[in-house]
Every structure is written in C-alpha cells, then in structure tokens.
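Down below is the structure, laid out as structure tokens.
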Amino acid sequence: MSDLYYVSSSPHIKSSKTVQSVMRDVIIALTPALLGAVLFFSFRALVIVAVSVLSCVLFEFLYNLIFKKTQTVNDLSAVVTGILLGFNMPVTVPVYLPVIGAAFAIIVVKMLYGGLGKNIANPALCGRIFLFLSFSSYMTTWVNASTGVNKAANFLPLFANTDVVSSATPLVYLKNADPSVLTDVPLSSAFIGTIGGCLGETSAILLIIGGLYLLYKKVITWHIPAAYLGTVAVITFLFPHMEGISRLQFTAYNLFSGGLMLGAIFMATDYATSPVTPKGRIIFGVGCGLLTVFIRYFGGYPEGVSFAILLMNFLTWFIDKHTIPTKFGGESKYAKIFKKTNE
Amino acid sequence: MKTKIISQLKSRRFYIRLMSAAILIMSFIPFCNPITEYGGVQNSSLITVMKSMGSVIQYFSTEIPRFSAYSNVLFIMVILLYVSLIGILFGFLLSFSHDESYRGHGQNSILYSAAVMTVVFIVLCILYFNINIAMYRFGSVAVYRKLLIIFRMPPFLILFTVISAAVLVLSALERGFSLSDIKYRIKSSLAHRFKGGVHVPYNKVTSKMAIETLPPAKIMVYPLSQHIGAACDSLVKAGDTVKIGQKIADTDAFVSAPIHATVSGKVTKIDYMPHPTLNSAPAIVVENDFEDSEHESLKKTHADYKALSTEELISIIREAGITGMGGASFPTHVKIQSALKDNIDTLIINAAECEPYLSNDNRVILENCDELIGGIDILRHIFGLKNAYIGIEANKPQAIKVLNKATHKTGIRVVVLRAKYPQGGEKQLIKAVCNRTVPSGKLPSNVGCSIFNVDTAAAIYRAVVLGLPVMRRIVTVAGSGVEKPCNLNVRLGTPFSNILEACGLKEQTKKIVMGGPMMGISQYSLDAPVIKGTSGLLCFTENEVESEKDAACIRCGGCVSACPMNLTPNYIAMHTKLRDFEACEKLNAADCIECGCCSFTCPAKIPLVQYMRLAKQNVIENRKRQVTKK
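Below you can see the structure in the form of structure tokens.
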C-alpha cells in the first residue's frame, strides 16, 4: 500500500465517452452511406473518399507539426471532416479536387481558428462551397448510378474529368418545374439512392439509418434534424412551387433529394457550429430549413443546403446567447414580462 | 489455461457468442455454390450477399406488381431478417470490445435482433406451406429468391427458429431480466420526471450482501464538527472516562447536534485530527477499554410516543444527535422545526440512493424495515399527516417488494422512480414524487414538502422508541481496491484504516473516497474517522483514477442536456476561466447543486464541476459584498 493517495474533486467516475469515441460513432454512422456510395457509384467513390480522408488527416498533422501544437489527429475529427467532404463531391471529379478541398477545410476553416471546437463554420461544408465556386463544372457533373454508368466510372481516368453521360438531379427537374421527374427519376430511387448526385447524399434511407444510430448513441439530439426536416416539409407542402405533381410528391422529392438528409443529419448537427441549448437548436434547425427552401425556390442554384447551414453557422453564438434555458425553479423571461405588465 | 476454458464453457456469454456466430455462418449457406437451382449466380458468399441486398433495393425501385398478401409478408420478413442479421453481427463484434459500455450495447443489439429474428422465423414456420406460392410470384428478383430457398427446408427452418429463440432467452438471462424488474421499470416510467440527469454505471455489487457488524477499534476519534452548522464544544477533558451513549460534546447554537461516545474508555486528548471533509478539525480521542459499559442516560424508552408532545419529541431527536444520514448531515431537529413553521403537507422519505456503488439504504430497508416504518409513523405524528411517500429507484426490486408489503394499508405510498442520477437530490426528488418545483433559492418546505433519508427515519425510531442516540451507521465498502466488498455496521468514530483492514485493501489502491463516487470526497489520510454522514467508503485502483488531460470543449452540449438544474456548464466554465463572474451570475451559476453530471458526461473530460464551484463561490461572495455595501 502506498502512502500517498490521489485527492481530487468529485465526481470520481466519468463516462466512457471521449471525443474520440464520439467521432468514432459518427464514422460508424456514415458507413452505410459510404457502402451505398460504393454500390451505386463504383469503387471510384471509395478512392475519392479515401483521398479526401487521408489529405484531411495529413493537413491537420502537418499544421500541428509546423506550428508546434499538441497533436490532435487522434481525436478522429479530421477523418469525419474527410468523409463528409468526400461525400459532397460527384464521383466524376478528378482526384486532386478533394485534396484542394481538404486543404481549405482543414487549414483555413478549422486550424487557423484554433482547431476542433473553435471553428466558426463547418469545415467540410466550407470545403464543399469553396470547390463548388472554384470548380463549378466538375462539381455539378452528375452521373446516374442506376443507368449503367457506374460500371463505366470504374475506368475513368483518375486525374481528369472526362465526358460522361450526365443526368439531372431531381432538384434540377424541380427548379425547371418539369413534371417528367416522376417518370425519369422515380421517388423510390430517390429514397434508395439510385439517382444522380454527390457521393454520400443520394441515399436517404442509408443516411437515415446512420442518423438513427447517432440518436441511439446520444451523439446528436433530435432537435436540429427534426426542426430542419420538419420546416422543409411543412413549407414545401403548404407552398408547392410547381405544378403537375401532387403536394405530397413535391414534398417527398424536396426531402429525399439533394443534400438535405446529409445536411440535416450530419452537417447541421456538427457540434462546434451549432447551438448547445435545446431551444437554440430548434431555432437553428428552423432557420436552416427556411433558408434552404428560399434558396431552392428563389435562388440561382437548384440546391441550397450548404449555403443555408453556413449562414446559420455564423448565428450560432448569437442564438445561444439569447436562448439560455430557464433554470430549474426559475421564472422564464416571458413570465417575468407578464408579471411586470400586471403590476 | 484449462481453467480458463472451463470458465468460458460455464459462461452464458460464450454460448451467446457461439450461437450468434452459428446464425451468421448459416445465413451464408443459401448464397454458397451448392444451391444454384434458382439463382443461377455462380459467385459465392460476400459478393452474392451484396448483390442480394441490391436486389432488395431493386424490389423497391422497379415496379413489380405485388400479387398476394403472402409475398408482401414474406418480403417484410426478409427485410427484418436482414436487419436482425446486421444487428447480430454488430452485437457479435461489439461483444469482444474491452469497453464495458460497448459490450452492453452489443448485448442489447443481440437481444433485440434475436427477438426480431425469432418472430420472423415463427411467422415463416406458420407460412411454411405457402412459401412456394409466395416465392413463385416474385418473378424477376432472382438473387433475392435464393435466400428464400432455405425456408423451404424444414430442418433449416426449425434449426434457425430454435437457435434464435435460444439466443433470445440466453441474452435475456444474461442481461438479468426478471418479470418484477420489467414491472418496476414500466411503473417508474409513469412517474414524473425531472429534466436532465445522467445514467451512471451502478455497480451495486454489495446490494445483496447482508450487513455485518464491525468490532470497535482501539483508538476512537470523535470530531466536534460532524454536521452542517456550528461545531460542538467538548463536555469532557483529557483523562476523563466515558461510557457508551454518554454525551461528550454539545453546544447552545441552534443549528447543531450533540455527539455521543460509542465505546467506553478514557479520553486521551482533545486535539486537531484528520477529518474526512474538513481536512483537519478538533476532535476528542478516546482509548477503548473494550468493556462496553453503558451510560445511565441510555435506553430511556418511549414505546408510546403518541403520548409525548411535539416539543418533547423534537428535544429527544435533538438530544440523540440525529442529522441527515444521506450525506449532507443537516441537523434533523432544525429541519423538523422549520418544516413545522412552514406547515408542510407532504412527507417524503428518500430511498432513491442514486449514487453508484452505495447500497446502505437498500440494506436498511431490507433488514430494518420495521424501524423505518416506525420512524415514518413518528414523523407523521409530529407533522400531523396521514400520508407519506417513499421515493425509491426502480433498480432495487427486492427493497420495493419489502416496502410494498410493509406499507400495505398504512397510508404510506411507495413511489417507484426511474434509475437516473441525481434522483435522490432534494429538488429532483420532489419534482419526481409530487411534481412540485422548488423555486430557485428556496427550501423544500416552501412548496410544502419535507424530505428525510431512510436511515434518518430509522434513527428517529431508535432514538424515540429504543432510546438510542446516533452511535452506529451502515457503511458500504466497495470499489476495485477492496478485496471483500461489504455493508458494515460501524460505530461512529472508527478510523477508516480499521474498516479497510477488515475488508482487505489492495496494494494497487490509488484513491479512497468517502461517500458515493459522484459527490464523495477523496481522502488523503486513513486516520480520518467515520462520522454521521459517512455512507460509503470506496477504493479505486489506478485504472479507475482519472488521469486524462482535458481537451478543448467541442461544444457537444452534453453538459447542458445533463444538467438537472437546467444551467449551461460549458458557458459558465468559459466565463470562469476568464474570471468574468458577473456573466456567471447572469448564467445562474449560484443554482448549481454540484451533482457532477456535467463532469461525468463531458467527452472532453473537462472538470466542469470545479469551474462551477469556483463560479458559485465567487457569485455568492459578490452578492454578500453588495448586500453589505447597501
């Protein structure tokens, strides 16, 4: 028996949850969508995601090494950023694109602000927007997974973007108010994921499975995804922007296509850039939903998820500041105001 | 090696693993080469599995007219089968994890998947004669039909059904399912809930161990301050002889409780001694003569307590030195008097025992239930109440059964609560038992409630009816650093070293905690004695001692959703780091109850409670300063 004991403040036990285990759970949740991407878009999808992950980890490692910071690669957050960045690219992009995106996401958006938890916007999202604005044509060439192009994609040269039969995503049909969406891109394939689009965003069902896993492991709360998807569903149902298809179909297309599922479940719930208070999370989700629908309806792009989340990211601290929960046994702001007016 | 294999063969987990592996392997059989009559695909195993999954997707996307109800049912069954297979695979892999919580998730996964799979196979058995017809109508989805081939073979069908049912039963047993457990869980989900809180690993290994009595030590130490409030003054001098039950310290201050000798012997000195909560405090040291001669004041029994007036009862309780036995040690007579002043209408007995490891209250209920009920009767008599509530967590089914039997038709209601920390916190318990919210900065008596611990009620019975002052208490000794975890009946004043000698302290012990692991106080010396608030003594070895460095906050919001007082610990910690205590005041740092939920749940391992304490102290000091300025 040693004579000296550790003396510390309570609590003396802690949960087994660590930053690493949280990130590991997110990676597990992204796996179904990754497998789906490989199934729908050929093994080239895997190559792109792998390049993206490796370069994200490498950039973080090098940054910490050069600026003599504590090494933070172990926490796996760079891997999550890498997978999400890879998910946000079409299968046809040349392989140097994810490297550029990773450099912007990790160095500029994440590490220059102070690393994990200090960044003011979601790194993967900013990487995507950076690539989208810089390499528009590469980033908007969609191939349809179900038309047999996926087999051909295996043989695409890795470093150049060649001509492939591009197919429009359902959102482009909606933007052009083209009712032939119903026959060209049936709703069931939008749900399963056999449509054109970015690697990880096409399959709603696989993303939902990942989201359920995150909810089960209490990595995310229901607030942001429910508020986000709920807002989009309600607005698109009440004010459909297109004729020729039913309200319900319009709503379903809006929910299941584009980056909405990926954004609502994995991007908007990013810890560092979303509010921590329950009320704040609902406001954040509703804001994202409103902006997404507005951009889809009135903006120049068919897709608005990334811009919507980015804009709301900047409001995170502001929302938090004004939604501090009422303490147990305390009076809410509104009750106080009510009392004052009564007096 | 041999013993290892034998112990493996005896464990349920081994069979669960074995059978889930069997299910996983057997599910590959239809995809192997020998059975190609329907599919016509020559590839085997993995690729075929992936393709068949793809064909499920195709079933959705291509518009196959669904002919009969059978084929639809069959289709749903196949999907469920896939899901449960994935679940069993997950559970199987997770069961090899070193992390306890991951193993737990794996167990859950296998349990639920096996349940789904059993249902699927029972339905398939019922459908057996119609499977042919249903299959015939699938048309183009050839690979998918391969999985169905197996259902046409009765031996396979029966084997699968039996194995999945066996896995279900075994994993249910492994998880410790019992009917009463489920019953109380359902009951507890109907109780009111307080917001926040965390699910802690309970580790109540001692809950089934009967209380043993520990013989007194040679040197007994009685600190003059064992409770909240004024410290006592010694009534004896060095060299005096004392007897069991003799009052050795008292004071005129209102918020205080006297202290009694628990052995007979000679006072050797009155000096500063190690104290479990105050580091070092004045104490009376008595050398035990092991004669156990009793003082004449002992055993003034009042079997007919109803003849006594309230004042007399309160003075008996005060003289017996009763304080809250839950850990905070607030003098009970003060609590009763303030509750009488506020005219309370609800009496709550706190049997929640939400701290992990501790099982002393549980044992008191199981072994001294009569004393507990008697104590509640006395309290009801004092307050003039007909009813009382006992709040108890659902994870103590034995104790609930005993209480239900004992309180039958007595007007005492047993309220089964969720097993969630901090269920035993005053404000949380009131919320959960009678759905009242104690306003911030107010006491429970402000909403008409008064709470007493189980052991306090029993102590009141002993003081009034048996005439015994507080001289003993039940201490749970547990943790990985103890060889024989147990519940001990210990005389107050026994040094910790004495207890740990009896229980066997392992050499690797690195940390010793008085109380529960969530709110207990770590000890630097084993010379500190058992005081009135000592509910447990926990010893932790190296691997349980927290030595990780804290990382940066990742803003996960876990502390915000865990906080039972609805605060924002992450922001309070941030402002505390910046020494901005005005901002902390605005964020209600003074309302923190220091339960430790935020520190427990933080994935970045930030010691949030310490920041909260610092903020709380400074906020309260600032407030006092402002009051004196005015």
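If you're matching them up, the sequences are chains E and X in order.
The opening position of the first sequence corresponds to residue 46 in the numbering used here, with each subsequent residue numbered one higher.
The opening position of the second sequence corresponds to residue 64 in the numbering used here, with each subsequent residue numbered one higher.
The beta carbon of each residue, even a glycine, is placed where N, CA and C say it ideally should be.
Close-in-space but distant-in-sequence residues of the same chain around residue i (CB under 6 Å, 5 per side omitted)
i	result
E:L161	S122
X:K250	V479
Any chain X beta carbon closer than 8 Å to residue i
i	result
E:P168	no
E:Y51	yes
E:F373	yes
E:S54	yes
E:F200	Because E:F200 carries a pLDDT of 49, less than 50, the predicted location of this residue cannot be relied on, and no value is offered for it.
E:P215	no
E:A317	yes
E:T228	no
E:V279	no
E:K62	yes
E:V20	Outside the shown range of chain E (46 to 388) lies residue 20 of chain E, about which nothing can therefore be said.
E:T314	no
E:P270	no
Extent of the continuous alpha helix (DSSP H) to which residue i belongs
i	result
E:L259	A249 to Y261
X:N681	L671 to K692
X:I445	C432 to F446
X:D313	Note, X:D313: premise wrong, no alpha helix (DSSP H); beta strand (DSSP E) at K310 to D313.
E:A401	With chain E represented from 46 up to 388, any question about residue 401 of chain E goes unanswered, as that position is not in the structure.
X:C188	E163 to I189
E:G131	S122 to F132
Short CB-CB distance (under 8 Å) between residue i and chain E
i	result
X:S147	no
X:S154	Reading off the sequence, residue 154 of chain X comes out as Gly, not Ser. Not closer than 8 Å to any Cβ of chain E, the Cβ of X:G154 fails to qualify, so no.
X:D405	no
X:S624	yes
X:T269	no
X:G530	no
X:N629	yes
X:T539	no
X:R129	Bear in mind that the predicted position of X:R129 carries a pLDDT of just 45, short of 50, making it unreliable; the figure below should be weighed with that in mind. It does not: the Cβ of X:R129 has no partner Cβ on chain E nearer than 8 Å.
X:I110	Legend: pLDDT at X:I110 = 46, less than 50; position of this residue unreliable, value from coordinates given subsequently. It does not: the Cβ of X:I110 has no partner Cβ on chain E nearer than 8 Å.
X:V104	Any answer about X:V104 is weak, because its pLDDT of 38 lies below 50 and its placement is not dependable; what the coordinates show is given next. Taking Cβ atoms only, chain E never reaches closer than 8 Å to X:V104, which makes this a no.
X:Y48	With chain X running from 64 to 693 in the structure shown, residue 48 of chain X is simply not present.
X:L143	no
X:G488	no
X:C432	no
X:K310	no
Extent of the continuous beta strand (DSSP E) run through residue i
i	result
X:Y452	A451 to E456
X:C512	C512 to N516
X:K574	T572 to M577
X:A462	Element bounds for X:A462: not the beta strand (DSSP E) but the alpha helix (DSSP H), P460 to A469.
X:A495	Careful: X:A495 lies outside any beta strand (DSSP E), inside the alpha helix (DSSP H) at E489 to C497.
Neighbourhood of residue i by C-beta distance below 8 Å, restricted to the same chain and skipping five residues each side
i	result
E:T371	S377 and K378
X:E275	C549, N550, L551 and N552
Opposing strand residues paired with residue i [DSSP bridges]
i	result
X:I333	X:I347
X:P507	Note: X:P507 sits in no beta bridge, so no partner.
X:Y484	X:V261
X:L479	According to the sequence shown, residue 479 of chain X is Val rather than Leu. According to DSSP, which records beta bridges pairwise, X:V479 is partnered with X:I455.
X:Y587	The partner list for X:Y587 (beta bridge, DSSP) is empty, contrary to what the question assumes.
X:Y285	X:I347
X:A305	Checking the displayed sequence, the identity of residue 305 of chain X turns out to be Val instead of Ala. X:V305 pairs with X:G328.
X:I412	X:I453 and X:F515
Close beta carbons around residue i, own chain, < 7 Å, minus the five adjacent residues each side
i	result
E:V321	D365
X:E126	Only weak support exists for where X:E126 lies, its pLDDT of 44 falling under 50; the value from the coordinates is given anyway. Closer than 7 Å at the Cβ level, and outside the excluded window around X:E126, lies no residue.
E:L260	W267
E:P143	I93, V96, S97, S100, L130, G131 and M134
X:Y199	For X:Y199, the predicted model reports a pLDDT of 48, less than 50, meaning its position is unreliable and no value from the coordinates is stated.
X:Y78	L233
E:L397	Missing from the structure shown is residue 397 of chain E; chain E here goes from 46 to 388 and no further.
Residue-chain proximity (residue i, chain C), Cβ-Cβ < 8 Å
i	result
E:K114	Absent here is chain C; the protein component of the structure consists of chains E and X.
Subject >> alpha helix (DSSP H) segments (min. 4 residues) lying fully within the segment 156 to 193 of chain E >> reply: Counting only runs of 4 or more, we get 168 to 179 and 181 to 184.
Original post:
What residue ranges within the segment 216 to 280 of chain X form continuous alpha helix (DSSP H) runs of no fewer than 4 residues, ordered along the chain?
Top reply: Counting whole runs of 4 or more residues, the segment 216 to 280 of chain X contains the alpha helix (DSSP H) stretches 217 to 237 and 242 to 253.
Original post:
Along the chain, which unbroken stretches of the alpha helix (DSSP H) at least 4 residues long are found entirely within the segment 362 to 387 of chain X?
Top reply: Here the runs fully enclosed are 373 to 382.
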